[in-house]
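Asker:
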Amino acid sequence: MRALVMFLAFLPGAASAQALAPYVIEHGEIRASLTGKAGDPARGRAIVGERQKGLCLLCHSGPFPEERFQGDLAPTLNGVGARMSEGEIRLRMVDGGKVNPQTIMPAYYRVDGLTRVAPALRGKPVLNAQEIEDVVAYLLTLKDGGAPGRMK
Amino acid sequence: MARRRSRRPGSMWRSTLLACLALGAASAVAQDARKSGFAYMGPDTQAMQKDDLANPGMLSALDGEALWNAPAGASGKSCASCHGDATASMKGVAARYPAYEATHNAPVDLAGRINLCREGNQQAPALPRESREAIGLATYIGQQSRGLSIAPPDDPRLTPFHEQGKALYTQRMGQLNFSCAQCHDENAGGHLGAAPIPQAHPTGYPLYRLEWQATGSLQRRFRNCMAGVRAEPYSYGSPEFIALELYLMDRAKGMAVETPAVRP
Numbered sequence: 006m007r008a009l010v011m012f013l014a015f016l017p018g019a020a021s022a023q024a025l026a027p028y029v030i031e032h033g034e035i036r037a038s039l040t041g042k043a044g045d046p047a048r049g050r051a052i053v054g055e056r057q058k059g060l061c062l063l064c065h066s067g068p069f070p071e072e073r074f075q076g077d078l079a080p081t082l083n084g085v086g087a088r089m090s091e092g093e094i095r096l097r098m099v100d101g102g103k104v105n106p107q108t109i110m111p112a113y114y115r116v117d118g119l120t121r122v123a124p125a126l127r128g129k130p131v132l133n134a135q136e137i138e139d140v141v142a143y144l145l146t147l148k149d150g151g152a153p154g155r156m157k
Numbered sequence: 007m008a009r010r011r012s013r014r015p016g017s018m019w020r021s022t023l024l025a026c027l028a029l030g031a032a033s034a035v036a037q038d039a040r041k042s043g044f045a046y047m048g049p050d051t052q053a054m055q056k057d058d059l060a061n062p063g064m065l066s067a068l069d070g071e072a073l074w075n076a077p078a079g080a081s082g083k084s085c086a087s088c089h090g091d092a093t094a095s096m097k098g099v100a101a102r103y104p105a106y107e108a109t110h111n112a113p114v115d116l117a118g119r120i121n122l123c124r125e126g127n128q129q130a131p132a133l134p135r136e137s138r139e140a141i142g143l144a145t146y147i148g149q150q151s152r153g154l155s156i157a158p159p160d161d162p163r164l165t166p167f168h169e170q171g172k173a174l175y176t177q178r179m180g181q182l183n184f185s186c187a188q189c190h191d192e193n194a195g196g197h198l199g200a201a202p203i204p205q206a207h208p209t210g211y212p213l214y215r216l217e218w219q220a221t222g223s224l225q226r227r228f229r230n231c232m233a234g235v236r237a238e239p240y241s242y243g244s245p246e247f248i249a250l251e252l253y254l255m256d257r258a259k260g261m262a263v264e265t266p267a268v269r270p
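Going line by line, the protein sequences match chains A and B.
In this text, residue positions in the first sequence follow this note's numbering: the first is 6, and each later residue adds one.
In this text, residue positions in the second sequence follow this note's numbering: the first is 7, and each later residue adds one.
1) In chain order, which continuous runs of the alpha helix (DSSP H) of length 4 or greater are located wholly inside the stretch 24-69 of chain A?
2) Taking Cβ positions only, does residue 77 (chain A) come closer than 9 Å to chain B?
3) From the beta carbon of residue 129 (chain A), is the nearest beta carbon of chain B less than 9 Å away?
4) What does the Cβ neighbour count give for residue 67 (chain A), buried or exposed, with the cut at 16 atoms within 10 Å?
5) If you measure from the beta carbon of residue 190 (chain B) to each beta carbon in chain A, is any gap under 9 Å?
6) Taking the alpha carbon of residue 181 (chain B) as the reference point, which residue from A:139, A:118, A:141 and A:150 has its own alpha carbon closest?
7) Do we get a CB-CB distance below 9 Å when we pair residue 123 (chain A) with the residues of chain B?
8) Kindly say whether residue 203 (chain B), judged by its beta-carbon, lies nearer than 9 Å to any beta-carbon of chain A.
9) Give me the Cα-Cα distance between residue 163 (chain B) and residue 106 (chain B), rounded to the nearest whole angstrom.
10) Run through DSSP, which three-state label would residue 126 (chain B) get?
11) Quick one: residues in its chain with C-beta nearer than 7 Å to the C-beta of residue 77 (chain B), no 5 flanking neighbours on either side, listed in chain order?
12) Could you name the residues that DSSP lists as bridge partners for residue 184 (chain B)?
13) Can you find the residues in the same chain that come closer than 6 Å, C-beta to C-beta, to residue 100 (chain B), ignoring five residues on each side of it along the sequence?
14) Taking DSSP as the reference, what is the three-state secondary structure of residue 202 (chain B)?
15) First and last residue of the beta strand (DSSP E) that includes residue 107 (chain B)?
16) Is there a Cβ from chain A that is less than 9 Å from the Cβ of residue 227 (chain B)?
17) At which residues does the alpha helix (DSSP H) containing residue 245 (chain B) begin and terminate?
18) Are the C-beta atoms of residue 196 (chain B) and some chain A residue less than 9 Å apart?
19) Only counting runs of 4 or more residues, tell me where the alpha helix (DSSP H) segments fall wholly within the stretch 96-156 of chain A, in order along the chain.
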């Protein structure tokens with residue numbers, strides 16, 4: 006039985022931090038966009054390929070022929086849009102630990118329950134809601150299992 | 007003893023023996039599976055470490071040798087005044103640090119031990135952590151254990167600190183929420199981007215890291231990793247880092263010291 010989990014994450018006291026958008030986990034998915042709107046796949050691709058921000062290619066490989074060194078610690082992103090639904094991808098981006106507590110995948114949209122976060126980053130998620138939606142929109146375009154994946 | 011043992015029920019004795027053999031075999035396998043970071047490097051970097059004339063860490067060892075023989079502080083004594091020839095007196099010393107320091111009721115690492123000696127015996131100011139002098143002396147002393155097995159002290163007073171270090175090793179930290187173990191145990195041999203993930207055996211410290219363009223300590227490496235997972239690093243010489251170093255040295259027990267190693 007999968008309980009309906011309501012997440013209302015607000016930050017205690019921190020004036021500089023903004024509250025995370027609320028989301029609902031249902032049947033292993035976050036079905037609704039965190040911003041209420043669809044993301045921009047082109048911006049999402051830039052985030053995924055950018056090593057300081059998205060960090061995705063440190064662990065995953067994907068259809069990025071221009072990026073020479075891609076990690077092999079996690080499944081390839083090729084075909085992820087065919088393997089998973091939008092809501093499943095969104096949940097794994099927001100907090101993959103909700104799917105598998107042992108995952109090494111960082112929670113990209115979570116600020117609580119973390120230890121010794123660098124002071125400048127406390128109370129801040131790795132990506133904001135818009136960036137999450139952009140990445141989700143991009144990953145959904147990766148329908149092709151072969152590399153490089155085809156963008157639509 | 008043999009007669010007493012033979013009176014035990016045979017099946018129980020045999021199963022105990024079998025269990026011991028199985029445990030022994032399992033630990034032998036685990037030992038064989040351990041690899042120094044050296045094994046993950048390309049041939050050029052390996053060659054640089056192996057050739058003393060090419061290994062930049064040797065310059066730090068030379069710094070340390072000069073300091074070893076230089077009088078310091080109000081005592082006017084050098085390290086050599088008391089310890090003599092380091093190639094004899096310091097052989098094997100770095101291989102058994104961190105060690106328990108009774109005056110602190112806690113373990114000290116080699117850098118801490120050097121500073122205790124400076125302040126207490128030489129009456130000289132402590133060397134700042136990671137300074138050229140501190141790294142030089144630790145490298146020179148470490149070099150005297152090169153090729154010897156890492157041999158942590160068999161000291162029950164260290165047990166709680168070993169446990170603290172183990173807990174830190176498995177504690178997820180930082181905005182990216184990784185523990186040491188998640189990369190260096192569960193994903194060793196994999197690639198983080200281009201970089202192979204080693205098993206985190208501190209066999210070669212202080213070592214020359216090409217990325218640093220300098221010789222540095224294990225604790226500098228800890229700080230790099232913590233910054234990488236976007237955690238607030240502990241301070242040099244902190245109890246946390248010494249406990250973690252202690253745990254890793256226990257984990258690397260029996261592996262050969264490579265100081266000064268070279269790493270990418």
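Each residue gets a CB set at the ideal place from its N, CA and C atoms; glycine is no exception.
Answerer: The answer reads as follows:
1) With a minimum length of 4 residues, the continuous alpha helix (DSSP H) runs that stay inside the stretch 24-69 of chain A are 46-54 and 61-64.
2) Taking the first sequence and counting its residues from 1, one reaches residue 77 (chain A) at position 72. Yes, contact with chain B.
3) One-based indexing of the first sequence puts residue 129 (chain A) at position 124. Residue-level contact check: residue 129 (chain A) touches chain B, since one or more beta carbons of chain B fall below 9 Å from its beta carbon.
4) Residue mapping note: residue 67 (chain A) aligns to position 62 of the first sequence, counting from 1. Residue 67 (chain A) is buried by the Cβ-count criterion.
5) Within the second sequence, the letter at position 184 stands for residue 190 (chain B). For residue 190 (chain B), the answer is no, since every Cβ of chain A falls outside 9 Å of its Cβ.
6) Working through the second sequence from its first residue, we reach residue 181 (chain B) at position 175. Closest option to residue 181 (chain B), Cα to Cα, is A:118.
7) Stepping through the first sequence from its first residue, residue 123 (chain A) is reached at position 118. At least one CB of chain B lies nearer than 9 Å to the CB of residue 123 (chain A).
8) Here residue 203 (chain B) refers to the residue found at position 197 when the second sequence is read from its first residue. Residue-level contact check: residue 203 (chain B) touches chain A, since one or more beta carbons of chain A fall below 9 Å from its beta carbon.
9) Counting from 1 along the second sequence, the entry for residue 163 (chain B) is found at position 157. Counting from 1 along the second sequence, the entry for residue 106 (chain B) is found at position 100. In a straight line, the C-alpha of residue 163 (chain B) is about 7 Å away from that of residue 106 (chain B).
10) As a working note, residue 126 (chain B) is residue 120 in the second sequence. If DSSP states are grouped into helix, strand and coil, residue 126 (chain B) belongs with the helices.
11) Counted from its first residue, the second sequence places residue 77 (chain B) at position 71. Around residue 77 (chain B), the same chain offers 83 and 84 as residues with beta carbons nearer than 7 Å, after the five sequence neighbours per side are excluded.
12) In the second sequence, the residue the question calls residue 184 (chain B) occupies position 178. According to DSSP, which records beta bridges pairwise, residue 184 (chain B) is partnered with B:179.
13) In the second sequence, residue 100 (chain B) corresponds to position 94, counting from 1. If you ignore the 5 residues before and after residue 100 (chain B), its C-beta comes within less than 6 Å of the C-beta of 116, 147, 148 and 151, all in its own chain and listed in chain order.
14) As a working mapping, residue 202 (chain B) is identified with position 196 in the second sequence. Reduced to three states, the DSSP call for residue 202 (chain B) is strand.
15) Here residue 107 (chain B) corresponds to residue number 101 of the second sequence, with the count starting at 1. Secondary structure note for residue 107 (chain B): its beta strand (DSSP E) is the uninterrupted segment 105-107.
16) In the second sequence, residue 227 (chain B) corresponds to position 221, counting from 1. Look at residue 227 (chain B): its C-beta is not under 9 Å from any C-beta on chain A.
17) Counting from 1 along the second sequence, the entry for residue 245 (chain B) is found at position 239. 245-257 is the span of the alpha helix (DSSP H), which, as asked, contains residue 245 (chain B).
18) Sequence index remark: in the second sequence, residue 196 (chain B) carries index 190 (1-based). Yes, its Cβ sits closer than 9 Å to a Cβ of chain A.
19) Whole alpha helix (DSSP H) segments, 4+ residues: 134-145.
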